[in-house]
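A short write-up of the structure that comes next.
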């Protein structure tokens with residue numbers, strides 16, 4: 001049986017050039033279209049009373065929010081990460097980027 005992969009040299013990065021105005025546009029789009037259900041356990045509940053789950057995709061939300069250069073996946077991370085507190089889950093403050101990995105050997 002092989003040893004588990006060990007991650008080391010981890011650095012923390014944040015999404016660059018994301019403004020408060022961008023956050024406001026994203027929230028407005030989510031209020032209009034609903035929060036996409038993609039990869040969200042059905043047990044999660046939205047805490048923000050202005051938001052609900054919807055059938056739109058994150059790409060549709062990004063397009064509706066008119067955020068140039070910000071993809072659906074970036075908007076998804078922003079909502080569940082740095083915007084935090086929108087779902088009953090553990091908030092994430094930033095992206096964790098693994099810069100190197102090694103496998104231990106016996």
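In UniProt numbering, the protein residues as written are 1 to 106. Beta carbons: idealized from backbone N, C-alpha and C, even for Gly. Treat the numbers as computed from the prediction; the structure is a model and nothing was measured.
Per DSSP, residue 79 is one residue of the alpha helix (DSSP H) stretching across 72-80. Between the stretch 35-47 and the stretch 68-87 there are three or more C-beta pairs closer than 8 Å, enough to call the two in contact. Looking at the DSSP output, residue 35 shares a beta bridge with 53. Looking from the CA of residue 34, the closest CA among 67, 70, 59, 71 belongs to 59. According to the DSSP assignment, residue 59 belongs to the alpha helix (DSSP H) that extends over 58-65. Nearest in C-alpha terms to residue 48, of all of 27, 19, 81, is 27. Between residue 67 and residue 23, the gap from beta carbon to beta carbon reaches 7 Å or more. Sequence-distant partners of residue 29 (beyond 5 residues in either direction) whose C-beta falls short of 7 Å from its own C-beta, in its chain, are 61, 64, 65.
Between the alpha carbons of residue 20 and residue 70 lies a distance of about 14 Å.
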